[in-house]
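What follows is a single structure, written as structure tokens, with notes after it.
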């Protein structure tokens, strides 16, 4: 006889929500938290957590094996869902559509968390208008070795610029190494216009703090804190306020007051500490919806940049090539790309990058990096902190970690030759190979057959 599924039934907002396998470990390293502990955290902080996702379609990032397991992304709402759970149909740059979940109350919040959604990933639009974002998202992403104090300094530069242009920024820790500054905007502009505004902001912050900040898309060109303007492109999501992150200490993305930013520490905000803070101060972003502003100032800044010769910057790889966009080719591949097309291209320095590891397990990829450093100790000793590029790669439904090393600070005669990555487990390789084989077969098929 099959073992009966143990479950806990919660009554929330007048509805019953079944929590399956409530004792399943979701965090087991620095803190010990069960699945039910995670659900209860979100229920306790529901007024704050719902403020960031209510009336918005969300992508389900599911950690079905807990925070230490590999997540997968699910855009489409599960077929087996409560009849009271709302959905909306989104269209994507690929031309595809998906019916996505919309959470309206604490019952819906608990239901998606029961699916393994440790993080909450809402789109920056409301269900009633899916083509006009009401949120500008400034994602501060520090490179390897960048100090947290630099992130805070860049955040304060963002605050000042937004205020000059008539917008109010609302800061929060990302829950990892970075910080987010979001601003409510009137839903009058398209995704492309909001991204254009975000790019202008990123470039202006780079001009104001050139030693601290960068707007460069390619990791091999970056330094300091990257302002990821592409988080405002359609179909991109970031974790919302109060989201738990899959780190050993179960830290969360914590909304802050601006006066807290200069002294805040990300590790201070966890599943264990946030409920007490929330009970004491409430949701410090509670007034955010009432502070919607105009993008006119940022778009004027964008127009000035364009008039001075600054074109568009690279888009995410799954988007079609956009008008005015520069070469969507990493500098490390720029020379070969130009030769292949025969077209005259602006001269770009080709970066000497080698890939040393690919793995769905980040710890395994980083262990591969350490083995590479041990084999090539002389070269490793010459690397700067931002010469090691750790990329979180996202496929159709899975993620993996790619580790590359930029050998630009190693004299050419002393650079190690490229080697097969160790480990080399790219989960998208099989389907990419299948697609290439299908294209080759179609191209070889006689016309009219």
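Residue numbers (the working numbering): 20 to 468.
The C-beta atom is built at its ideal place from N, Cα and C for all residues, glycine as well.
Query, Result
"What are the boundary residues of the beta strand (DSSP E) that residue 37 is part of?", "34 to 39"
"Check each candidate in 54, 66, 48 and 26 and name the one with the smallest Cα separation from residue 32.", "66"
"Look up residue 103 in the DSSP assignment and say whether it is helix, strand or coil.", "coil"
"Closest to residue 149 by C-alpha separation, out of 379, 75 and 69, would be which residue?", "75"
"How would you label residue 176, buried or exposed, when you count the other beta carbons within 10 angstroms and need 16 or more for buried?", "buried"
"Would you grab the beta carbon distance between residue 157 and residue 197 for me? Rounded to a whole angstrom, and I think it's under 8 Å.", "Between residue 197 and residue 157 the Cβ distance is about 10 Å, and since that is not below 8 Å, they are no contact."
"If the criterion is Cβ atoms closer than 9 Å, does the pair residue 109 and residue 140 meet it?", "no"
"Short of 6 Å in beta carbon distance, which residues of its chain neighbour residue 421, apart from the five on each side in sequence? Order them along the chain.", "377, 410 and 412"
"In the DSSP output, which residue or residues are listed as bridge partners for residue 78?", "140"
"Could you tell me how far apart the beta carbons of residue 383 and residue 218 are, in whole angstroms, since I believe they sit closer than 8 Å?", "Wrong, their Cβ atoms sit about 35 Å apart, outside the cutoff."
"In whole angstroms, what separates the C-alpha of residue 21 from that of residue 50?", "With a pLDDT of 47 at residue 21, under the threshold of 50, the modelled position of that residue is not reliable, and the figure given next carries that caveat. Cα to Cα, residue 21 sits roughly 32 Å from residue 50."
"For the beta strand (DSSP E) holding residue 26, just list the boundary residues, first then last.", "26 to 31"
"Of all the options 242, 210 and 42, which has the alpha carbon lying nearest to the alpha carbon of residue 256?", "210"
"If you draw a straight line from the C-alpha of residue 371 to the C-alpha of residue 250, how long is it?", "28 Å"
"Which partner residues does residue 224 have in the DSSP bridge list?", "Bridge partners of residue 224: none, in fact."
"Measuring straight from C-alpha to C-alpha, what distance separates residue 30 and residue 45?", "22 Å"
"Where do the ends of the beta strand (DSSP E) carrying residue 161 lie?", "154 to 161"
"Quick one: using the 10 Å Cβ neighbour count with 16 as the cut-off for buried, is residue 191 buried or exposed?", "buried"
"Exposed or buried, which one is residue 238 when buried takes at least 16 other CB atoms within 10 Å?", "buried"
"Could you tell me which residues DSSP puts in a beta bridge with residue 443?", "377"
"Would residue 419 be called buried (16 or more neighbouring beta carbons within 10 Å of its own) or exposed?", "buried"
"Nearest to residue 168 by CA position, among 243, 326 and 268, is which residue?", "243"
"Would you call the CB atoms of residue 136 and residue 226 closer than 9 Å?", "no"
"For residue 97, which of helix, strand or coil comes out of DSSP?", "coil"
"Based on the DSSP secondary-structure assignment, which residues constitute the bridge partners of residue 425?", "372"
"Could you please give the first and the last residue of the uninterrupted beta strand (DSSP E) stretch that includes residue 189?", "189 to 192"
"Please classify residue 407: is it buried, with 16 or more other beta-carbons within 10 angstroms of its beta-carbon, or exposed?", "buried"
"List the endpoints of the continuous alpha helix (DSSP H) containing residue 173.", "167 to 183"
"Check whether the stretch 256 to 274 touches the stretch 83 to 94, counting contact only when three or more Cβ pairs, one atom from each stretch, lie closer than 8 Å.", "yes"
"Apart from the five residues just before and just after residue 274, which ones in its own chain have a Cβ nearer than 6 Å to its Cβ?", "191, 260, 303 and 304"
"Can you give me the C-alpha to C-alpha distance between residue 443 and residue 374, rounded to a whole angstrom?", "10 Å"
"Report buried or exposed for residue 366, applying the criterion of at least 16 other Cβ atoms within 10 angstroms of its Cβ.", "In this predicted model, residue 366 has a pLDDT of only 49, less than 50, meaning its place in the structure is not dependable; the value taken from the coordinates is given anyway. Exposed."
"Closest Cβ-Cβ distance between residue 411 and chain D: below 9 Å?", "Among the chains in the structure shown there is no chain D, since it carries only a single protein chain."
"Under a three-way DSSP split, which group does residue 392 fall into?", "helix"
"Can you tell me whether residue 35 is buried or exposed, with buried defined as 16 or more other CB within 10 angstroms of its CB?", "exposed"
"Kindly identify the DSSP beta-bridge partner or partners of residue 92.", "80"
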